[in-house]
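Student:
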Amino acid sequence: MEQRNIEQRYAIKFCVKLRDSVKETYDKLVKVFGYEALSRAQVFRWHKDFKNGCAKVGDEPGNGRPVEARTDNNVKRVRTLVHQDRRLTIRSWLMKLI
Numbered sequence: 001m002e003q004r005n006i007e008q009r010y011a012i013k014f015c016v017k018l019r020d021s022v023k024e025t026y027d028k029l030v031k032v033f034g035y036e037a038l039s040r041a042q043v044f045r046w047h048k049d050f051k052n053g054c055a056k057v058g059d060e061p062g063n064g065r066p067v068e069a070r071t072d073n074n075v076k077r078v079r080t081l082v083h084q085d086r087r088l089t090i091r092s093w094l095m096k097l098i
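If you count by full-length UniProt numbering, then the sequence shown holds residues 1 to 98, one letter each, in order.
1. Mind checking F50: buried by the 16 CB within 10 Å criterion, or exposed?
2. Report all residues from its chain with a CB closer than 7 Å to the CB of K48; omit the five preceding and five following residues, and keep chain order.
3. Could you check the C-alpha separation between K13 and K96 for me, to the nearest Å?
4. Assuming I90 is part of the alpha helix (DSSP H), what are its boundary residues?
5. Given that a residue counts as buried once 16 or more other Cβ atoms are within 10 Å of its Cβ, and exposed if not, what is C54?
6. Please report how far the alpha carbon of V22 lies from the alpha carbon of R40, in whole angstroms.
7. What's the gap between the Cα of E36 and the Cα of R9?
8. Determine the DSSP secondary structure at T25, reduced to helix, strand or coil.
9. With 16 as the cutoff for other CB atoms within 10 Å, does V75 come out buried or exposed?
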């Protein structure tokens, strides 16, 4: 996560504790960070979260498939499929690998 985002989230949390409105908070962020300010939607979301008692400024860990699925085993399997029939489409290879 970028340091800029963390700084702005702390600023939002601070504004919530001061009981600033979400519009006041957003305007302050734009004044300080300029074009690097979080989007209006992000400011509204974080403001609401902090107002509802959220204490963390970091993102929750994502749950999903890994970013990269390249392993030695997968590379070998794809090479084998390509050498068996070079005319197969990527979709066909995918269906055989799954």
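Note that CB positions come from ideal geometry on N, CA and C, so glycine has one too.
Bear in mind that the values here come from a model prediction, so they are computed numbers and not experimental data.
Tutor: On the basis of the coordinates in this document:
1. Per the 10 Å Cβ criterion, buried.
2. The answer is none, since no qualifying residue turns up.
3. In a straight line, the C-alpha of K13 is about 50 Å away from that of K96.
4. Per DSSP, I90 belongs to the alpha helix (DSSP H) from I90 to L97.
5. Exposed: under 16 other Cβ atoms inside 10 Å.
6. Distance between the alpha carbons of V22 and R40 is about 9 Å.
7. About 13 Å.
8. Assigned with DSSP and collapsed to three states, T25 falls in helix.
9. With fewer than 16 other Cβ atoms within 10 Å, it is exposed.
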